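Novice: Number 231 in our numbering belongs to position 171 of the sequence shown; there are no gaps in the numbering.
The structure is given below, and queries will be raised subsequently.
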Amino acid sequence: MYACLHRSGSGPEEQQRLVELAYAFAPVVEIVDPETVLFPITGLRRLIGEPPQIAAEIARRGSERGIHAQLAIARTPDTAILAAKHLPGVTLIPPGREVEVLESIPIERISLPPKLLEVLQSWGIHTIGEFAALPLAGLAERLGPAAVELYLQVHGRLHRPLRVQRPEPEYVEEQDLEEPLHTLEPLLFLLGQMLQQLCSRLCANFLAAGQVGLELQLERGLTYHRTIELAMPQAESKPLLKLLQLALETHPPSAPIRKVRLWLRPVQPRTVQEGLFYPPAPEPQKLQLTLARLAKLVGSEQVGSPELLNTHRPDAFRLRPFAPPRFSPSQLPASPVAAALRRFRPPLPARVSCQEGRPHHVAARRITGMVLEAAGPWRSSGDWWAETRWARDEWDVALTSGGTYRIYQELASKQWFVDGVYD
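Below, the structure is given as structure tokens:
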């Protein structure tokens with residue numbers, strides 16, 4: 061059994077309310093057109109009762125929401141649509157009595173191909189009842205599939221699956237304030253209530269929040285925006301409220317608050333499966349709070365994950381928002397490393413004496429010795445058109461003091477530096 065709701069002259073807001081009413085009774089809804097929605101009611105028999113009781117409950121809830129629409133219940137989807145669009149009030153069509161209920165509907169009110177409508181009118185067919193009395197075999201031969209489809213509709217014999225169009229739910233809460241808020245404490249209390257409602261909706265749909273957005277309408281026509289990207293999706297309200305508190309303390313609004321709008325961007329939750337023999341790690345939900353506290357101390361532009369730039373310039377990187385790796389260390393491919401360079405930051409100024417164009421002796425802070433072996437030079441240069449230009453010759457040297465170091469000479473200043481030590 062299917063129920064169809066039709067409301068003529070519906071705008072976008074009325075259509076949304078009509079869809080929400082349908083979703084209150086069924087998990088799937090077909091949006092037939094901007095004025096009509098269709099949904100199954102078979103599963104409502106145990107909850108509400110027979111079709112008359114279901115129709116009464118749909119009408120009651122619609123009236124509570126200010127929705128006054130035509131309602132039809134039938135055995136097949138298209139029969140319910142036909143009745144809801146063309147019969148006023150509430151229409152219940154018992155199985156097998158479709159023609160009896162629909163027979164008074166004029167043919168010209170149904171969306172038919174113009175040629176088919178012209179032929180039917182030339183035959184003197186003006187109502188559904190007159191059309192339903194024609195033989196099916198003759199319709200198929202003389203009028204084609206469109207006439208056969210209409211015949212099956214009015215007899216309640218056209219079965220098809222619903223064309224489900226599930227709209228993406230929005231996780232948004234808004235609150236207009238009677239009196240402006242001047243301090244942070246009442247705002248946080250309000251945000252806590254809004255987050256609890258949004259997080260409960262996320263959990264009901266097995267989702268988590270990947271981003272938190274806050275918009276405040278302030279006095280004097282000002283607007284405050286703050287967006288927080290979450291390193292780990294989460295659906296608990298308390299950690300999210302703490303993140304908003306840190307953001308508001310770091311960047312407070314510049315005027316009293318008149319309206320609050322809070323939204324969450326839904327994403328699939330992530331689960332972290334640690335190895336059996338790995339040491340215990342902190343809870344993922346606490347990671348974002350730690351990052352937020354660090355950003356408050358040193359600035360948000362100083363917190364993140366380093367990402368190498370597409371250049372050979374030494375130390376060329378940028379910070380991007382931190383995100384935990386999706387793979388455990390055991391899943392990452394192993395890369396053989398002969399030796400690791402432990403770099404000095406900043407590089408150590410050095411005095412280097414050369415013989416025959418090769419380093420002979422190196423002296424720097426805590427580093428000194430004769431060069432036993434030297435490999436190089438490797439010249440590196442680039443960005444000659446920008447302030448970040450560089451040009452230098454690099455050497456790997458083994459000293460009598462027992463260490464192996466990377467040294468280089470800036471070609472512009474002829475100054476030597478110790479870049480790092482090999483492990």
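All C-beta atoms in this analysis are idealised placements derived from N, C-alpha and C, irrespective of residue type, glycine included.
Since the model is a prediction, treat every value here as computed from it, not as a measurement.
Over the uninterrupted beta strand (DSSP E) stretch that includes P407, give me the two end residues.
Specialist: 401-415
Novice: Evaluate the contact criterion for the stretch 228-240 versus the stretch 292-307: three or more CB pairs, one atom per stretch, below 8 Å.
Specialist: no
Novice: Mind checking whether the beta-carbon of I127 lies closer than 7 Å to any heavy atom of the ligand HEM?
Specialist: In the structure shown, the ligand HEM is absent, as is every other ligand, since no ligand is present at all.
Novice: Which of the three DSSP states, helix, strand or coil, is assigned to F387?
Specialist: Its pLDDT being 49, under 50, F387 is placed unreliably in this model, and the value from its coordinates should be taken loosely. Reduced to three states, the DSSP call for F387 is coil.
Novice: Tell me which residues share the same chain as L152 and place their Cβ nearer than 7 Å to its Cβ, disregarding the 5 neighbours each side in the sequence.
Specialist: Taken in chain order, the residues that qualify are P111, P112, A115, I133.
Novice: Can you check DSSP and say which residues form a bridge with D456?
Specialist: A435, R466
Novice: Check whether the stretch 152-172 and the stretch 180-192 are in contact - that is, three or more C-beta pairs closer than 8 Å.
Specialist: yes
Novice: Which of helix, strand or coil does DSSP assign to K474?
Specialist: coil
Novice: Using the beta-carbon count (16 or more within 10 Å), is V412 buried or exposed?
Specialist: Under the 10 Å beta carbon count, V412 is surrounded by 16 or more other beta carbons and is classified as buried.
Novice: With DSSP collapsed to three states, give me the class of D138.
Specialist: D138: helix per DSSP, three-state reduction.
Novice: Spatial neighbours of E289 within its chain, please: C-beta separation below 6 Å, excluding the five flanking residues on both sides.
Specialist: Q271, P381
Novice: Between the alpha carbons of L459 and R403, how many angstroms are there, rounded?
Specialist: Cα to Cα, the separation comes out at about 17 Å.
Novice: Out of D138, E238, L176, point me to the one whose CA is closest to E158's CA.
Specialist: D138
Novice: Expressed to the nearest angstrom, what Euclidean distance is found between the alpha-carbon atoms of G198 and W183?
Specialist: For G198 and W183, the distance between alpha carbons rounds to 13 Å.
Novice: Quick one: grab the DSSP three-state call for C64.
Specialist: strand
Novice: Are the CB atoms of R378 and G442 within a distance shorter than 8 Å?
Specialist: No. Outside cutoff.
Novice: Do the CB positions of H219 and A129 come within less than 8 Å of each other?
Specialist: no
Novice: Pick out the complete beta strand (DSSP E) segments inside the stretch 62-115, 3 residues or longer, and give them in chain order.
Specialist: 62-66, 90-93, 96-100
Novice: May I have the straight-line CA-CA distance separating A399 from T464, to the nearest angstrom?
Specialist: When rounded, the distance between both Cα atoms is 10 Å.
Novice: Please list, in chain order, all residues of the same chain as E309 whose beta carbon is under 8 Å from its beta carbon, the five residues on each side excluded.
Specialist: L244, K356
Novice: Exposed or buried, what is W445 when buried is set at 16 or more other beta-carbons lying within 10 Å of its beta-carbon?
Specialist: exposed
Novice: In whole angstroms, give me the CA-to-CA distance for Q76 and L262.
Specialist: 20 Å
Novice: Determine the burial state of F387: buried for a count of at least 16 other Cβ atoms within 10 Å of its Cβ, exposed for fewer.
Specialist: Residue confidence for F387 is low, a pLDDT of 49 falling below 50, so the modelled location carries little weight and cannot support an answer.
Novice: Where A435 and T371 are concerned, what is the direct C-alpha to C-alpha distance, given to the nearest angstrom?
Specialist: 23 Å
Novice: In this structure, what does DSSP give as the bridge partners for M430?
Specialist: Partner(s): H421.
Novice: What does the alpha-carbon distance come out to for the pair A269 and P154?
Specialist: 46 Å
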